[in-house]
Amino acid sequence: MQRDLDKKIWFFTVAIMAVGLVALYSATYDNVRVTQKIFYDQLLCAGLGIGIMYVLGKVDYRRFYDIAYGFYILNVILLLLVLIMGRHALGATRWIQFGGISFQPSELAKLALILALGRYFSNLKPMLSFGFRSKVQSVFYHFLWPLGMTVFMMLLIFKQPDLGTSLLLLGMFVVMVFVSGIDYKIIGAFLGLGVVLSPFAWLILKDYQKDRLLVFLNPNIDPLGAGYTIIQSKIAIGSGQLFGKGWLAGTQNQLNFLPERHTDFIFSVIGEEWGLVGTIFMLILYFALIMTSMQVASQVKDRFGTIVTVGIVSIFSLQVVINIGMVMGMFPIVGLTLPFVSYGRSSFLVFAVMMGFLLNLSKKRTVF
Amino acid sequence: MRLKIIRIIVVLAFVLIALDLVYVQAIKGKYYFELSTNNRIRVVPLEGKRGRIYDRNGTVLAENRVAYNVTITPQAIEDQDELFAFLSESLGVSRDLLTRRYRRKKHTPFAPVVVAEDIEREKAIVIEENRFRFPSLLVEEGYKRVYPNGENSAHILGYVGKVNQALMQRYKKYGYSPLSDVGKSGVEEFYDLNLRGEAGGYQIEVNSRGQQVRLLSIREPTRGGDIMLTIDSRIQAAVMDVMEDTPGAVIVMDSANGEVLGLASFPDFDPNALVDPKRSKEAGGLFSDPLAPLINRAVSARFPPGSVFKIPVAICALDTGKITQKTTFHCPGYHQVGGIRFGCTYPHGDQNLIEAIAHSCNVYFYRLGLLLGADLLHEYADKFGLGRKTHIDLPYERSGRIPNRTQGILSRRRPWYTGDTLNFVIGQGDVLTTPLQLVRMMATVSRDGVEVAPHVIKAIGGVPLTKYDYTRDVKIPKEIFEKTKLGLRATVTDYTGTAHELDNDELFVAGKTGTAQSSPHKEHHAWFVGYAQGREKSVAFCVFLEHGGSSHNAVRLARELMLRLNREGLI
Chain G
0 MQRDLDKKIW
10 FFTVAIMAVG
20 LVALYSATYD
30 NVRVTQKIFY
40 DQLLCAGLGI
50 GIMYVLGKVD
60 YRRFYDIAYG
70 FYILNVILLL
80 LVLIMGRHAL
90 GATRWIQFGG
100 ISFQPSELAK
110 LALILALGRY
120 FSNLKPMLSF
130 GFRSKVQSVF
140 YHFLWPLGMT
150 VFMMLLIFKQ
160 PDLGTSLLLL
170 GMFVVMVFVS
180 GIDYKIIGAF
190 LGLGVVLSPF
200 AWLILKDYQK
210 DRLLVFLNPN
220 IDPLGAGYTI
230 IQSKIAIGSG
240 QLFGKGWLAG
250 TQNQLNFLPE
260 RHTDFIFSVI
270 GEEWGLVGTI
280 FMLILYFALI
290 MTSMQVASQV
300 KDRFGTIVTV
310 GIVSIFSLQV
320 VINIGMVMGM
330 FPIVGLTLPF
340 VSYGRSSFLV
350 FAVMMGFLLN
360 LSKKRTVF
Chain Z
0 MRLKIIRIIV
10 VLAFVLIALD
20 LVYVQAIKGK
30 YYFELSTNNR
40 IRVVPLEGKR
50 GRIYDRNGTV
60 LAENRVAYNV
70 TITPQAIEDQ
80 DELFAFLSES
90 LGVSRDLLTR
100 RYRRKKHTPF
110 APVVVAEDIE
120 REKAIVIEEN
130 RFRFPSLLVE
140 EGYKRVYPNG
150 ENSAHILGYV
160 GKVNQALMQR
170 YKKYGYSPLS
180 DVGKSGVEEF
190 YDLNLRGEAG
200 GYQIEVNSRG
210 QQVRLLSIRE
220 PTRGGDIMLT
230 IDSRIQAAVM
240 DVMEDTPGAV
250 IVMDSANGEV
260 LGLASFPDFD
270 PNALVDPKRS
280 KEAGGLFSDP
290 LAPLINRAVS
300 ARFPPGSVFK
310 IPVAICALDT
320 GKITQKTTFH
330 CPGYHQVGGI
340 RFGCTYPHGD
350 QNLIEAIAHS
360 CNVYFYRLGL
370 LLGADLLHEY
380 ADKFGLGRKT
390 HIDLPYERSG
400 RIPNRTQGIL
410 SRRRPWYTGD
420 TLNFVIGQGD
430 VLTTPLQLVR
440 MMATVSRDGV
450 EVAPHVIKAI
460 GGVPLTKYDY
470 TRDVKIPKEI
480 FEKTKLGLRA
490 TVTDYTGTAH
500 ELDNDELFVA
510 GKTGTAQSSP
520 HKEHHAWFVG
530 YAQGREKSVA
540 FCVFLEHGGS
550 SHNAVRLARE
560 LMLRLNREGL
570 I
């Protein structure tokens, strides 16, 4: 049993934040379109985030259990508010404003769903399968009901539209339900059904989402439109070669060839300016943080703690992998941020809350 | 257990990403690095100044004058409405037109767009004075081709124009840009690579919107080479005076070395009309004129040579020993073959070779044709390069045609008749030559069988051109030429010679007339092709009048021209 998991979490998280800030500084350096204000904004977020982590590390994490359902309902209301009166940006409505501060409820929704599912799964009794009736019942309680909780939130987010986040929630659900101890057969049947139904998903996608998927398959079909981002991002990363072009010296970055480089495509900036050395270093930091979190999950003696930790790890890992895969052209562009590195207050602070939760658990894992 | 599976999945995902990073950054890194360089570096071309063209005495025939062009740099525009309003007012051009021109030509934000070409100096000054108000505006000094002597030498010089879109692909590999001036005909085209300056340019770094971020380097364009022609613009001027503006061609060539001293085609044109956008209507007229003034009739058009063709026939007959100088035939005014009469100008009576040439007696040559046959005629015409290109350094030269029995049979799908030979022998029927071929042949005859290479360039960039300094021996004995030349001289000196009008005490002239039938409803072509001995030079020359009627018309002009050239000491 390791005693210094919390220290490791602190170290890796702050290291990732620091690297992210250095990269963001370059992405916003001496530029009119992406101003340095963004960098200071993020710096403030980092300060706030560290504060949140510190505070959450102190409080009793059972409080999370208590507020889980209420938080879920509050979030559903917020998501509805977004659809009704949200702020419109970049072809989607994702923000709402409270007294001059705008934030994205879809980011908060990740946390709300993790907590709600964590509480739900931790209360479930192990599955007993005697007879057909109880089998149906257990499928309902162990699978369909929590799926409903997830899909309800997914739909609200999908309407914004934010395909990336809603699919992310689905992925997270799969991991959590898997860890909750469900029968493999149900997971298998569910995945099989998903594969069969996926062609129909095409029908409900927006045009730009279809474009992105097509462009993902072949970026050259539209090199100046939808494919532009992928092509420029790959050029940026590849041109960094082994050691990069140097900080503030990435031409793709500094000359504005990289769109969205302060948010979704920040990893391209790292790749271009710091090369393979930088990207692998970044990858190692994320990997270390994820593995540490997994250790927390396996050492926590409490079911709610384990499941919530797994939820956090899954959403964190999925975002890291999907974001990097996306800027490398391995995944379609779905608009997911790179945790603690991409600019975005809501995303940054929500991840800080999650890390705070992990810190809390890593300290209290022996307390029952 | 289930946590372990998740751990394995995470490890796999990270390994996959790491491998892809190694592939993209380490293995394909160089490729992407080059792509990123191409992304940010642009080259803006600067045109080199075109070389000048002089005549043999150093008179400038083509040069560049400074032209003021108004350009707008798109990325520097502040208030587009105000800018175009100002330009429209100061240039006196409608705003609509300016806007349309700007939209059409604009392609990158950093490259200046020319909205008005070659404006007056006064307007240029007004615009320059207002530059502080419009930072995007610039009056740029460009060069415009100008031909100070206008029509003089127009067909030799040619003109310049922009590379058209269709040819751009072909020109691109030689470094032409869509903005380049390229020679469109004449020397401007043939020696374009020598005349055009080497384009320079500046390299700039641009951002993703193509806006200039900084200047990386400049390479100054270099000036093209100057060209000196063998042409004497004073001879050209004399030719212009002598010829009225009826279709035709005049060539005066130095028979010692093939230097073309004068070469003109009519109707002529002013090359300035083709380079000046303000005269575009006039230029359009040149292209649509049914008389085709842009065609250089001296080298790019082919005509039946008529009786001029009798020269190689006479040489052939002597060289093959079928006749001697004294062989006599009787001319009753026609020659009958089968049921058809082949006519002569009038009954000449008994004629020997000299008389037959001087009188241009068809019947005598019909008899020669029957003796020689079409194959020999073809062989000797070929010896003098008739029906073949002379490879003069002008574009679009045509080869003409000398009939040949096999070809004639195949193309007409009927046997070769004696009548075909009779037409052949007097330079009719299918015989087609360019005026230049006949001049070269005449030079060869005058030099007793030494053929020179006609050319119009003396030096490029101050270096004399030696490429055309070769001669070819046609391998026919000297005395045969001497006998033939007796006939050519008699054409002028004999009282009954067809070119007796040319007889004079000032300079030696000899030659052969030709009146060639063309289409049934048009006048004949009038030829005089000859050689003359001036005070300094011996020249071969030709005066050709397309549908000019009797050869006397050509002879009259030839006399006027030769006497003038001699009096002015030009030859």
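Residue numbers (numbering that gives the first Met the number 0), protein chains in the order written: chain G, 0 to 367; chain Z, 0 to 570. Cβ atoms here follow ideal geometry from the backbone N, Cα and C, with glycine treated the same way. Since this is a predicted model, take the numbers as computed values, not measurements.
Three Cβ pairs or more, each shorter than 8 Å: is that satisfied between the region 239-249 of chain Z and the region 118-133 of chain Z?
no
Does the structure place the region 544-557 of chain Z close enough to the region 516-535 of chain Z that three or more beta carbon pairs sit under 8 Å?
yes
According to DSSP, which residues form a beta bridge with residue 349 (chain Z)?
Z:329
How many whole angstroms separate the CB atoms of residue 487 (chain Z) and residue 513 (chain Z), which I take to be in contact at a CB cut-off of 8 Å?
Going by Cβ atoms, the distance from residue 487 (chain Z) to residue 513 (chain Z) rounds to 12 Å, so no, they are not a contact pair.
Taking residue 24 (chain Z) as the query, report the chain G residues whose CB atoms sit under 8 Å from its CB, ordered along the chain.
236, 237, 239, 240, 241, 270, 274, 275, 278
Does the count of Cβ pairs from the region 253-262 of chain G and the region 338-349 of chain G closer than 8 Å reach three?
yes
Run of the alpha helix (DSSP H) containing residue 253 (chain G), from where it starts to where it stops
Secondary structure note for residue 253 (chain G): its alpha helix (DSSP H) is the uninterrupted segment 250-253.
If contact means a Cβ-Cβ distance below 9 Å, which residues of the region 72-97 of chain Z contact chain G?
Of all residues in the region 72-97 of chain Z, none has a Cβ within less than 9 Å of some Cβ in chain G.
Select from the region 307-335 of chain G all residues with a C-beta closer than 8 Å to any C-beta belonging to chain Z, and list them in chain order.
Cβ contacts with chain Z come from 309, 312, 313, 316, 320, 323, 324, 327, 329.
Looking at residue 452 (chain Z): is its Cβ nearer than 9 Å to the Cβ of residue 468 (chain Z)?
yes
Would you list, in chain order, the members of the region 171-196 of chain G that have their beta-carbon closer than 8 Å to a beta-carbon of chain Z?
174, 177, 178, 180
How is the alpha helix (DSSP H) around residue 340 (chain Z) delimited, first residue to last?
It is not in any alpha helix (DSSP H) - residue 340 (chain Z) instead sits in the beta strand (DSSP E) that spans 339-342.
Integer Cβ distance of residue 567 (chain Z) from residue 55 (chain Z), believed to fall under 8 Å
At roughly 15 Å, the Cβ-Cβ gap does not stay under 8 Å, so residue 567 (chain Z) and residue 55 (chain Z) are not in contact.
Report, in whole angstroms, the separation of the C-beta atoms of residue 89 (chain Z) and residue 125 (chain Z), which I expect to be a contact under 8 Å.
5 Å
Close Cβ partners of residue 297 (chain Z) (< 6 Å) along its chain, the five nearest in sequence each way excluded:
248, 250, 262, 264, 434, 435
Beta carbon proximity, residue 367 (chain G) to chain Z, threshold 9 Å
Since pLDDT at residue 367 (chain G) reaches only 44, below the 50 mark, its modelled position is unreliable, and no value is offered.
Report the three-state DSSP secondary structure of residue 101 (chain G) (helix, strand or coil).
In the structure shown, residue 101 (chain G) adopts extended strand secondary structure according to DSSP, grouped into three states.
Any Cβ of chain Z within less than 9 Å of the Cβ of residue 24 (chain G)?
Nearest CB-CB separation between residue 24 (chain G) and chain Z: not below the 9 Å threshold.
Locate the alpha helix (DSSP H) running through residue 551 (chain Z), then write down its first and last residues.
550-566
Do the CB positions of residue 274 (chain G) and residue 328 (chain G) come within less than 9 Å of each other?
no
Suppose the cutoff is 7 Å on Cβ atoms and the five residues either side in sequence are ignored; what does the same chain contact list for residue 282 (chain Z) look like?
272, 273
Give the straight-line distance between the Cα atoms of residue 187 (chain G) and residue 131 (chain G), rounded to the nearest whole angstrom.
19 Å
Check the Cβ of residue 35 (chain G) against every Cβ in chain Z and list those closer than 7 Å, keeping chain order.
Per Cβ cutoff of 7 Å: no residues; residue 35 (chain G) is ~17 Å from chain Z at best.
Per DSSP, residue 202 (chain Z) forms a beta bridge with which residues?
Z:42, Z:216
Does the count of Cβ pairs from the region 4-11 of chain G and the region 281-291 of chain G closer than 8 Å reach three?
yes
Check whether the Cβ of residue 49 (chain G) lies closer than 9 Å to any Cβ atom in chain Z.
Answer no: the Cβ-Cβ gap between residue 49 (chain G) and chain Z never drops below 9 Å.
Members of the region 280-293 of chain G near chain Z, C-beta cut-off 7 Å:
282, 286, 289, 293
Chain G beta carbons: is any one of them nearer than 9 Å to that of residue 39 (chain Z)?
yes
For a test of the three-state rule: what should DSSP assign to residue 108 (chain Z), helix, strand or coil?
coil
At a CB-CB cut-off below 8 Å, which residues of chain Z make contact with residue 296 (chain G)?
2
Have a look at the DSSP bridge pairing and note the partners of residue 143 (chain Z).
Z:64
Counting only beta-carbon separations shorter than 9 Å, does residue 250 (chain G) have a partner in chain Z?
yes
Please work out which residues of its chain come closer than 6 Å, Cβ to Cβ, to residue 199 (chain Z), disregarding the five sequence neighbours upstream and downstream, and give them in chain order.
Taking residue 199 (chain Z) as the centre and dropping the five residues before and after it, the same chain places the C-beta of 45, 218, 219, 220 closer than 6 Å to its C-beta, in chain order.
Taking Cβ-Cβ distances shorter than 9 Å, what residues in chain Z pair up with residue 256 (chain G)?
Ordered by position in chain Z, the residues that pass the 9 Å Cβ test against residue 256 (chain G) are 35, 38, 39, 206, 207.
Going by beta carbon distance, what residues of the same chain come within less than 6 Å of residue 15 (chain G), once the five residues before and after it are set aside?
284, 339
Which of helix, strand or coil does DSSP assign to residue 293 (chain G)?
helix
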